[in-house]
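One structure below.
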Amino acid sequence: MREAEHTRLLASSHDATSAASSSGSVWSRVALGLGTLGVIAAVAALATSPETLMDITLGLGLSLPRETPAQHGLSTKSIRPVASGDGTRPHSALRTEDALVPKLGSHKSGHVATAGAGLVDDSDRDKQFLIPPVVVEKIAGKLAGRKSKHSYDGILSKKATHASGVLRTPVYIIAMEQSTKDAQRVAEMLERLIKYHGSRAVREHVHITPGINVAGWPDKIELVEYALKSVLAVRSVGEIGALPWLETYANRDKKGRVGDPRASSFPLSHHIGCLYAHLHDWQLSFDAHYETTVILESDAIDPSLLGVELSSIQAVVDNAPADFDLIFLTNREKGGKLAKKFKDQLGNTLRMYHLTEPNEEAGLSSYIVSGTFYKKLRRYLVEHGADMVDAWLSAKLCVKPAFDKNGKFVAWEDNGGGEYRYLSCYHVQQEGFRSVVSDAYPKASR
């Protein structure tokens, strides 16, 4: 990851306590409720409009994951790796069965699974992470210029024909629950989303999902267990202990804390937490059966990180290639073959490139995944574990022909015998764009 992202999560995990002690009784009240995800949404609104603090109840509308009855088995739909070279090899020649067929069970503390147990139906699980309506209303009121206004139409719905371009794709925003910096970042992001897409679209489609604080384990370990749901379906905890990066969950001490001191200290703890937070959201999207999902880290709109304005994200989805697994929205170097050039509903020119060339790009602060993305990736996780999440995707699974026609790993090295890329990836750039944030925005440090 970029150094800007290296320092982000763990450093910010200590923000809330100091902010509460130094800002008087108002922030002290906020700090009292920082154990629930509802606070990050409430604080997001407060950071945008602090005078509304006394009107908002902490912990609104959000709760920790719950158990639900067993319903159905994991999908056995085939997955196919992507041909190397120019991509002309027919996909029909590539047949790879998804290995994840055993059922998944639950445990009293969350989603600890044992192979062969009943599957938990989590298809509506992400609804608990939707932005509370009162938060949307407060920001809409600010944009409308009067406190009595509880909705805001958004620029796109006013200008675009039949509201085309208005957000209708699920959005997950990853934020650390105990970080006032993340709250401020998310506040500006929500305000920008409402400004362009309107309060109704944000209320219906935008979620705030939890970041993972590895150093705080066993606190919130149920979030990690859910993130590993697909792996726990077919691997015992002992077997997971041999999988790279995932072994941090399996090899905890008797108190449930991280066993390896290096893994509980910065910067490794940040990278591991980042991986699990994204795994959590991939599983969440997969369980909800979404065809497409936008995933944003809390600092996604930082000027150094974002490659397209948030007004364009639905246009990117609508213009996505049929074969895509992953589209990066981050500010990246141009590279790869131009796949498509198009304009969004506000007239901005966007270019989408097919990501096939070796690269050293880092950062996973904004991207879009298709319904095929996790169907493919969970098989890799079960067989090979994971890696540092941004480079693992961008520099390996997206571009390296390291797999055979059945999706089996061969070698990462050039000329190692592999012929196929595992994922079909793209990146999109907006012509002349640079994200603009307020002076108060906690920018990522380089």
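All residue numbers for the sequence shown refer to my numbering, where the first residue is 1380 and numbers rise by one.
Even glycine gets a Cβ: it sits at the ideal position worked out from N, Cα and C.
Do residue i and residue j have their C-beta atoms within less than 9 Å of each other?
i: I1747; j: T1548; result: yes
i: Q1563; j: A1819; result: yes
i: L1602; j: H1659; result: yes
i: G1620; j: G1577; result: no
i: S1664; j: D1505; result: yes
i: A1667; j: D1793; result: no
i: H1586; j: L1509; result: yes
i: Y1605; j: D1501; result: yes
i: V1581; j: V1513; result: no
i: G1590; j: E1556; result: yes
i: T1627; j: I1651; result: yes
i: A1741; j: S1773; result: yes
Tell me whether residue i is buried or exposed, calling it buried when 16 or more other Cβ atoms sit within 10 Å of its Cβ.
i: T1672; result: buried
i: H1490; result: For H1490, the pLDDT reaches just 42, beneath the cut-off of 50, and the residue's location in the model is therefore unreliable, leaving the point undetermined.
i: K1755; result: buried
i: S1749; result: buried
i: L1647; result: buried
i: D1598; result: exposed
i: P1343; result: In the structure as shown, the chain starts at 1380 and stops at 1825, and residue 1343 therefore has no counterpart that could be examined.
i: N1710; result: buried
i: T1739; result: A quick correction: the sequence has Glu, not Thr, at residue 1739. Exposed, because fewer than 16 other Cβ atoms sit within 10 Å of the Cβ of E1739.
i: R1614; result: buried
i: H1806; result: buried
i: N1592; result: buried
i: G1524; result: exposed
i: R1641; result: exposed
i: K1517; result: buried
i: V1815; result: exposed
i: S1817; result: exposed
i: R1757; result: buried
i: R1459; result: With a pLDDT of only 42 at R1459, under 50, the local geometry of the prediction cannot be trusted, and no value is derived from it.
i: I1435; result: In this prediction, I1435 has a pLDDT of 34, which is less than 50 and means its spatial position is unreliable; what the coordinates show is noted afterwards. I1435 comes out buried.
i: R1579; result: buried
i: M1433; result: With a pLDDT of 30 at M1433, under the threshold of 50, the predicted position of this residue should be treated as unreliable, and no value is reported.
Considering only residues of the same chain and omitting the five flanking positions on each side of residue i, which have a CB-CB separation below 7 Å?
i: Q1693; result: G1544, V1545, L1546, R1547 and T1548
i: W1596; result: R1631, G1635, R1636 and V1637
i: A1765; result: P1623, W1624, L1625, L1654 and W1771
i: C1853; result: No answer is possible for residue 1853: it lies beyond the span of the chain, which begins at 1380 and ends at 1825.
i: W1791; result: K1775, K1779 and A1781
i: L1717; result: R1730 and Y1732
i: V1789; result: A1781, F1782, D1783, G1795, G1796 and G1797
i: A1679; result: M1568, L1685, S1744 and S1745
i: V1768; result: C1653, L1654, H1657 and L1743
i: S1691; result: D1723, N1727, L1729 and Q1809
i: G1715; result: Y1732, H1733, L1734, T1735 and E1736
i: H1584; result: L1546, R1547, T1548, P1549 and V1550
i: P1821; result: K1560, Q1563 and R1564
Kindly list the residues whose CB is nearer than 6 Å to the CB of residue i, restricted to its own chain and excluding five residues on each side of it in sequence; keep chain order.
i: L1708; result: G1686, V1687, S1745 and Y1746
i: T1728; result: K1722 and E1810
i: L1675; result: I1552 and S1745
i: D1594; result: Before going further, note that residue 1594 is Ala rather than Asp in the sequence given. Here the set comprises S1643 and S1648.
i: L1760; result: V1610
Can you name, in chain order, every residue of its own chain whose Cβ lies under 8 Å from the Cβ of residue i, other than the five neighbours on each side?
i: G1617; result: A1629
i: K1538; result: Q1724 and L1725
i: V1696; result: T1548, T1671, V1673 and I1747
i: K1719; result: N1698, P1700, R1730 and M1731
i: H1763; result: L1622, P1623 and F1788
Considering residue i, what are the terminal residues of the beta strand (DSSP E) in which it resides?
i: F1707; result: L1705 to F1707
i: C1804; result: C1804 to Q1809
i: S1745; result: S1745 to S1749
i: K1716; result: K1716 to K1722
i: Y1551; result: V1550 to A1554
i: E1792; result: First-last for E1792: undefined, no H or E at that position.
i: V1673; result: T1671 to E1676
i: L1734; result: T1728 to L1734
So, does the CB of residue i fall closer than 9 Å to a CB anywhere in chain B?
i: E1601; result: The structure shown contains no chain B; it holds only a single protein chain.
Over what stretch of residues does the alpha helix (DSSP H) that includes residue i continue unbroken?
i: Y1759; result: F1752 to H1763
i: H1576; result: T1559 to H1576
i: P1512; result: P1512 to A1523
i: H1657; result: L1647 to D1666
i: T1627; result: E1626 to A1629
i: I1692; result: I1692 to D1697
i: I1587; result: No alpha helix (DSSP H) contains I1587, which is instead part of the beta strand (DSSP E) from V1585 to P1589.
i: L1611; result: K1608 to L1611
i: K1634; result: No alpha helix (DSSP H) contains K1634, which DSSP labels as neither H nor E.
For this session: Count the CB pairs spanning the region 1595-1611 and the region 1569-1586 that are closer than 8 Å, and state whether there are at least three.
Result: no
Problem set entry | Any 3 or more C-beta pairs closer than 8 Å across the region 1549-1559 and the region 1701-1718 | no
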